[in-house]
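A.B. asks:
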Amino acid sequence: MKDLLKAGMSTQAIHGGEELIKEMGHHGAPIFQTSTYSYKNVKEASAAFIAFGTAQETLEEAPNIYARLGHDNARMVEHKLALLEKGERCMLYNSGMAAVHSLVMGFLKSGDHIITNKSLYGGTHSYLHHTLPPFNITTDSIDLNDSELLEKTIKESTKLIYFETPANPTLYLTDIEKVVAIAHKHNIVVAVDNTFMSPFLQQPLTLGADVVLHSCTKYIGGHGDVVAGALISSKEFIEKLRPNTIEFGGYIPPFSAWLLQRGLKTLNLRMERHCSNAMTVAKFLENHPKIERVFYPGLESFEQHDLAKKQMKDFGGMISLLLKGGIEGAEIFLNNLELFGLAVSLGSVDSLAQSPALMTHAPVPKADREAAGISDSLVRLSIGVENVEDIIHDLENALSKL
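Residue 8 is where the sequence shown starts when you use our numbering, and the numbers rise one by one after that.
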C-alpha cells in the first residue's frame with residue numbers, strides 16, 4: 008500500500024517499513040548481521056559519513072555506516088512502531104532500561120527534577136531513586152491522579168513526568184489526559200511507559216503524551232526470546248536523543264530487531280487472545296475463596312474500571328492478586344504452578360507468574376513497596392495464549408494447596 012498511514016493497524020504492523028525488502032525481492036526480512044559496512048571508494052565512504060551527520064528528516068534515509076549507529080533491521084521496526092503509536096519517529100534500544108536511560112540522559116541535565124508515580128517497575132524505581140541522584144537529577148514519586156498534589160510537587164526544575172499505566176505490578180491506572188493538561192501548562196514533557204498495553208490497546212500520544220516507551224521484550228517481541236526497548240515521539244525529540252544513544256552504545260543489534268519484526272506481525276492477534284484469556288481468568292479468580300482481591304482493569308470491581316474504558320481499547324493480559332495466607336501463601340501457590348513459568352518478565356505467549364516482593368521489586372525498600380500498594384502477598388500473573396481451560400486448571404490446582 009502506498010499510504011500506510013490510512014491502513015489498519017494489523018496491516019501497518021505487517022507491512023510498515025518493509026519497502027526495502029520488497030525492493031530487494033525478499034518476502035521475509037533477512038538478518039543483516041554485520042557490524043560495519045564497506046564502500047566502493049573513499050569518496051563514497053566520505054559522502055556516507057557526511058550524509059549520516061546531516062540526516063535529520065528520516066532515519067530511514069540515513070546511510071549504513073556501523074551497526075551501533077543504525078541498520079536496516081532496526082529501521083524497519085522503528086517505522087512499524089511509529090505507525091502503530093501514531094508518532095513521527097521511533098528509536099530502538101538493546102533493552103527497556105536503555106530506553107529509559109536514553110530518555111533521561113539525552114533530555115535532562117544536572118539539577119533537573121522528575122515526577123513519577125509510586126508504582127513502577129523495580130529497575131526503573133532503582134534507576135530514578137538511586138542511580139540518578141549522584142548526577143544531581145532528583146525524583147519525587149506521588150499519586151499522579153491527585154491533581155492538587157501534582158501541582159504542589161512541580162518545581163521550576165521539573166522537566167519530566169514519567170509513569171506507567173497500567174503500573175507494574177499493581178495495575179494502577181494514571182489518567183493520561185489529566186496529567187498532560189497539568190504538565191503542559193508548566194511546559195513539562197510527559198513520557199508514558201505503554202509496555203503493559205501495546206499500541207493495539209492504548210496510544211498515549213493520541214491522548215497528549217509527548218513520548219511513549221516500550222520494553223519490547225514483552226508484548227512487542229511476544230515470544231520471550233529477545234530483550235529490547237523503544238522510544239516513540241516527534242521527529243525533533245527523537246533526534247535530540249539520538250547522539251546520546253549512539254555514544255552510550257544503547258542501539259539495538261540486528262538479530263534482536265529481526266525478532267521484533269517477526270513478533271509485530273502477530274501482535275494484534277496475540278493481544279486479542281491475551282485479553283480474552285485474562286478476562287476469563289480474572290472472573291474465575293475473583294470468585295475464588297483463597298483469593299482476597301483481584302486487580303484487573305476489565306473487572307467492574309476494579310476501582311478505575313471507568314478510566315480503563317476511557318483510555319484503553321481492551322484490558323490487557325496482566326492480572327495481579329492478593330492471596331490469603333500472606334507471603335508464605337504466595338510462595339506455596341507459585342511453587343505449585345506447573346503450566347505457568349515461575350519467571351519475571353511478561354507479555355510472552357506462555358503464561359508466567361511471580362512474586363513482586365520476592366522477585367522484581369525485592370530491591371525496592373519495603374516501605375516504598377507498601378506505599379505503592381505492593382504487599383507481600385501480591386502475585387503478578389502474565390496470562391499467555393494457551394487454552395484458557397488449561398490456564399484455569401493450573402491455577403485451581405495451585406490454589407488447592409493453600
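All residues carry an ideal CB built from backbone N, CA and C; glycine is no exception.
Here the structure is a predicted model, which is why all the values come from computation and not from measurement.
Report the start-end ranges of each beta strand (DSSP E) in the stretch 49-121 that is 3 residues or longer and not cut off at the edges.
C.D. replies: List check, beta strand (DSSP E) in window: 96-100.
A.B. asks: Can you find the residues in the same chain that come closer than 8 Å, C-beta to C-beta, to R300, ignoring five residues on each side of it along the sequence?
C.D. replies: These residues qualify, in order along the chain: L328, L329.
A.B. asks: Considering only residues of the same chain and omitting the five flanking positions on each side of I161, which have a CB-CB separation below 6 Å?
C.D. replies: Cβ neighbours of I161 beyond the five flanking positions: H193.
A.B. asks: Exposed or buried, which one is A374 when buried takes at least 16 other CB atoms within 10 Å?
C.D. replies: A374 is exposed by the Cβ-count criterion.
A.B. asks: Output the distance between the C-alpha atoms of H400 and F59, rounded to the nearest integer angstrom.
C.D. replies: H400 and F59: Cα-Cα distance of roughly 55 Å.
A.B. asks: N143 to S45, Cα distance in whole Å?
C.D. replies: N143 and S45: Cα-Cα distance of roughly 42 Å.
A.B. asks: Which of helix, strand or coil does DSSP assign to G333?
C.D. replies: Helix at G333.
A.B. asks: Does the stretch 16-31 come within contact of the stretch 271-285, defined as at least 3 CB pairs closer than 8 Å?
C.D. replies: Contact holds: three or more Cβ-Cβ distances are below 8 Å.
A.B. asks: Can E163 and F203 be called in contact, C-beta distance under 8 Å?
C.D. replies: Not closer than 8 Å, so no.
A.B. asks: Buried or exposed for A405, going by 16 or more other Cβ atoms inside 10 Å?
C.D. replies: A405 is buried by the Cβ-count criterion.
A.B. asks: Compare the beta carbon distance of A235 and N71 with 8 Å and say whether it is the shorter of the two.
C.D. replies: In this structure, N71 does not lie closer than 8 Å to A235 by Cβ.
A.B. asks: If you compare alpha carbons, which of A106, L76, V187, E396 is closest to I122?
C.D. replies: Minimum Cα distance to I122 is reached at V187.
A.B. asks: Extract the residue ranges of the alpha helix (DSSP H) inside the stretch 300-328, only unbroken runs of 4 or more that lie entirely within it.
C.D. replies: Fully enclosed alpha helix (DSSP H) runs of 4 or longer: 312-318.
A.B. asks: State the Cα-Cα distance for the pair R82 and G24, rounded to the nearest angstrom.
C.D. replies: Each residue's alpha carbon lies about 7 Å from the other.
A.B. asks: Using beta-carbon positions only, say whether V218 and V196 come within less than 8 Å of one another.
C.D. replies: The answer is yes: Cβ separation under 8 Å.
A.B. asks: With distances taken Cα to Cα, identify the nearest neighbour of P304 among C282, H368, R376.
C.D. replies: Cα-wise, what sits closest to P304 is C282.
A.B. asks: Going by DSSP, what residues sit across from V219 in a beta bridge?
C.D. replies: V199, I239.
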